[in-house]
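Chains as they are written, first to last, in the working numbering: chain W, 112 to 429; chain E, 98 to 551. Glycine included, every Cβ here is placed at the ideal spot set by N, Cα and C.
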């Protein structure tokens with residue numbers, strides 16, 4: 112009974128199984144689907160919280176927005192206003208100085224520290240941790256800390272500089288010094304992070320190269336120039352790109368706490384000016400247009416960095 | 098039979114069916130949470146939300162705690178008698194003044210039902226159509242009781258905000274430092290030249306002789322206006338036409354520039370702007386600041402010897418000080434604008450004794466302010482709220498020459514701020530700064546549309 116019963120059943124299932132087989136995805140398609148499913152959460156998140164707001168921001172740049180729900184189409188009006196806004200171009204000039212000074216200084220300091228903490232020194236782990244610590248502190252706390260250290264009257268750092276015979280200066284109150292102070296504090300905060308990245312890059316370089324160079328009689332400078340520097344190219348590219356982007360679009364928290372954009376707009380970077388336009392003056396449309404322009408500048412600068420460094424590739428194209 | 102019988106065992110679930118079932122169950126569980134997240138955070142069944150920077154909160158500052166208690170009691174009293182309830186939402190002061198939360202909330206139509214507004218923000222809110230008119234809910238006689246304090250919160254004869262306080266500016270000095278510098282009460286400066294002279298005598302290494310606000314912002318402008326007004330200058334004249342580029346403006350810019358250039362005034366605020374801490378730590382000896390510092394001393398250093406005097410005047414000038422202070426406002430686009438307006442009027446705009454007493458309590462116990470309503474000021478005086486030397490000086494000498502903080506919109510504020518910063522801290526020519534700001538203000542007023550700027 113059983114066998115008699117199963118024969119027609121199996122025969123009946125055969126076309127269904129064949130149909131299922133036909134419906135089953137090929138291995139290639141299954142892999143593609145798995146990859147898509149794994150990537151989906153990230154992509155959806157990026158789309159929702161970065162992509163769509165970015166598009167909306169570009170769109171908003173063509174409107175005059177009251178800040179209370181009223182929108183008026185002005186076409187390129189906000190961009191025309193931007194072209195004739197001296198304060199914005201002042202902010203762009205200060206941003207350019209900030210980027211041009213900050214990025215190379217941060218690069219050199221981080222690389223120097225990376226080379227230093229790569230050495231087999233006693234308690235090097237504690238040293239690395241201490242250098243990385245400023246990066247994990249809230250920027251508001253960092254700002255307050257340095258505000259006290261650089262205080263005109265009782266600041267420990269400004270006092271030490273004065274005691275060293277370099278004169279009394281207001282490090283956050285003189286327009287010519289405030290930007291330099293902001294850059295110095297930013298380097299102090301960021302150097303630990305890029306040091307770790309350089310350290311990872313340095314540890315990737317095979318030790319055999321250094322041993323061979325030593326046998327050939329190469330000194331430290333020649334070793335650095337001929338082995339470390341060229342083999343560190345991908346890491347250098349990453350640091351250069353990331354620090355440039357961070358310098359162009361970051362720093363808001365520190366400026367807020369340290370100087371509020373002063374003295375006399377001396378530390379009013381483009382990002383701070385855009386924030387002011389949006390959240391202090393309620394000019395959301397204009398701020399969006401300025402933000403879109405800044406993103407465009409960032410893309411262009413990144414493209415130049417890519418071009419100059421050839422995307423961090425080695426000479427043989429790897 | 099086996100396949101169709103009622104007692105047939107269910108087929109074992111396939112992997113696909115299992116995964117589909119799990120996904121469905123997860124979806125069913127997540128849906129209510131997701132839908133809840135879509136709702137308005139404040140939609141609490143007709144409850145009105147009151148955003149402020151006083152309470153409810155509890156911290157180490159006894160003065161701040163007293164202010165928080167006043168707000169909590171205010172809302173508790175209202176809730177005990179009204180059907181529409183009010184809930185306080187505390188925001189730290191810096192977040193309320195310079196953060197993105199308040200403007201973002203209004204921009205997305207999710208602004209608070211009741212909120213605090215400064216004169217500097219009044220026009221932005223009014224022109225944005227979010228201020229509910231309060232006049233119909235005020236008791237008869239309240240507008241007269243407020244007097245000129247209401248002017249900057251009115252458009253035409255309609256009231257849109259109710260001030261809770263009047264905060265005049267004056268000069269605070271450290272009596273100990275004053276005496277050590279060989280100065281006496283007779284040396285209290287009456288003119289700008291005397292002010293710079295006294296500041297010069299008070300300064301030491303590590304101690305500023307005279308402090309003017311250095312941080313750019315609405316507050317710095319507010320503290321600078323009286324110096325301009327004293328010489329007869331103004332930003333806009335009585336007809337609303339630009340009048341910034343004047344001799345009075347230039348001499349006021351020059352005063353602050355000279356104080357910094359000669360090292361009498363610092364380039365950054367001592368003690369991060371905390372006057373009481375600045376005096377106690379010996380970082381400052383003379384400081385232009387507001388009446389609210391009296392409460393600060395009372396809470397943090399009740400026995401500290403300090404004094405106050407009127408702002409000195411320029412040669413040929415007339416005494417004026419600036420009167421700051423915040424107001425209650427109702428959101429015209431809130432859940433229930435009528436109830437929110439009734440709340441504001443009940444809290445500050447009624448002729449009932451409890452309302453007047455509430456304002457007196459705020460201005461003389463919770464804070465140290467001059468009450469903006471005559472009835473509350475008189476009650477405060479009767480209750481001894483102005484008996485202390487500093488409060489008496491504010492009420493009888495400093496406040497009478499006061500002028501309400503103007504309600505200039507952001508573009509005008511920024512032009513003035515740049516002129517003050519440029520001359521004071523960058524040492525630029527005061528004439529060029531005044532001229533540049535005047536041009537910006539003139540260009541703006543030409544295209545401005547909205548309520549009167551003055």
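Item	Value
For residue 148 (chain E), report the span of its beta strand (DSSP E) as first-last.	145-149
Taking C-alpha atoms, which residue in E:228, E:278, E:502, E:464 lies nearest to residue 417 (chain E)?	E:502
In the stretch 370-403 of chain E, which residues sit with their C-beta less than 7 Å from some C-beta in chain W, listed in chain order?	380
Going by CA-CA distance only, name the one from W:280, W:239, W:291, W:295 that's closest to residue 304 (chain W).	W:239
Taking only the alpha-carbon atoms, compute the straight-line gap between residue 161 (chain W) and residue 387 (chain W) and give it to the nearest angstrom.	21 Å
Are the C-beta of residue 390 (chain W) and some C-beta of chain E separated by less than 8 Å?	yes
Strictly below 9 Å CB to CB, what residues from chain W border residue 197 (chain E)?	386, 389, 390
Compare the beta carbon distance of residue 422 (chain E) and residue 310 (chain E) with 8 Å and say whether it is the shorter of the two.	no
Would you identify the three-state DSSP class for residue 235 (chain E), choosing helix, strand or coil?	coil
To the nearest angstrom, how far is it from the Cα of residue 211 (chain W) to the Cα of residue 413 (chain E)?	51 Å
Within 8 Å (strictly less), CB to CB, does residue 218 (chain W) reach chain E?	no
Listed in chain order, which residues of the stretch 362-376 of chain W have Cβ atoms closer than 9 Å to some Cβ of chain E?	367, 370, 371, 372, 373, 374, 375, 376
Check whether the Cβ atoms of residue 288 (chain W) and residue 366 (chain W) sit closer than 8 Å, and answer yes or no.	no
So, is the C-beta of residue 181 (chain E) closer than 8 Å to a C-beta in chain W?	no
Runs of 4 residues minimum, wholly inside the stretch 204-263 of chain E: which ones carry the alpha helix (DSSP H) assignment?	216-224, 239-243
Determine whether the beta carbon atoms of residue 185 (chain E) and residue 212 (chain E) lie at a separation below 8 Å.	no
Please list the residues of the stretch 210-229 of chain E that have a C-beta atom closer than 9 Å to any C-beta atom in chain W, keeping them in chain order.	221, 222, 224, 225, 226, 227
Just to confirm, are residue 537 (chain E) and residue 508 (chain E) a CB contact at a threshold of 8 Å?	yes
For residue 153 (chain E), which of helix, strand or coil comes out of DSSP?	coil
Can you tell me the Cα-Cα spacing of residue 316 (chain E) and residue 370 (chain E), whole angstroms?	12 Å
Starting from residue 460 (chain E), trace the alpha helix (DSSP H) both ways and give me its first and last residue.	Neither: residue 460 (chain E) is in no alpha helix (DSSP H) and is coded neither H nor E.
Quick check: residue 477 (chain E) and residue 239 (chain E), are their CB atoms within less than 8 Å of each other?	no
Report the residue from E:437, E:223, E:314, E:406 whose alpha carbon sits nearest the alpha carbon of residue 178 (chain W).	E:223
For chain W, check one thing: does any of its Cβ atoms lie closer than 8 Å to the Cβ of residue 538 (chain E)?	no
Are any of the Cβ atoms in chain W nearer than 8 Å to that of residue 305 (chain E)?	yes
Taking CB distances under 8 Å as the criterion, tell me whether residue 117 (chain W) reaches chain E.	Note that residue 117 (chain W) has pLDDT 48, beneath the 50 cutoff, so the model's placement of it is unreliable and the number below is only indicative. For residue 117 (chain W), the answer is no, since every Cβ of chain E falls outside 8 Å of its Cβ.
Going by DSSP, name the residue or residues bridged to residue 268 (chain E).	E:385, E:406
Which residues in the same chain have their Cβ closer than 7 Å to the Cβ of residue 535 (chain E), if we skip the five residues on either side of it in sequence?	339, 341, 342
Return the Cβ separation of residue 411 (chain E) and residue 327 (chain E) in integer angstroms, given the expectation that the two are a contact with Cβ distance under 8 Å.	6 Å
The stretch 310-332 of chain E: which residues have C-beta closer than 8 Å to a C-beta of chain W, in chain order?	311, 312, 313, 314
Can you find the residues in the same chain that come closer than 8 Å, C-beta to C-beta, to residue 416 (chain W), ignoring five residues on each side of it along the sequence?	348, 351, 352, 355
Here's a check: name, in chain order, each residue in its chain whose Cβ is nearer than 6 Å to the Cβ of residue 499 (chain E), leaving out the five neighbours to either side.	265, 418, 420
Count the other C-beta atoms from every protein chain shown that fall within 10 angstroms of the C-beta of residue 163 (chain W), then say buried if there are 16 or more, exposed otherwise.	exposed
Using a C-beta to C-beta distance shorter than 9 Å, which residues of chain W count as neighbours of residue 515 (chain E)?	198, 375, 376
Three Cβ pairs or more, each shorter than 8 Å: is that satisfied between the stretch 292-304 of chain E and the stretch 480-490 of chain E?	no
Looking at chain E, is there any beta carbon in it that lies within less than 8 Å of the beta carbon of residue 281 (chain W)?	yes
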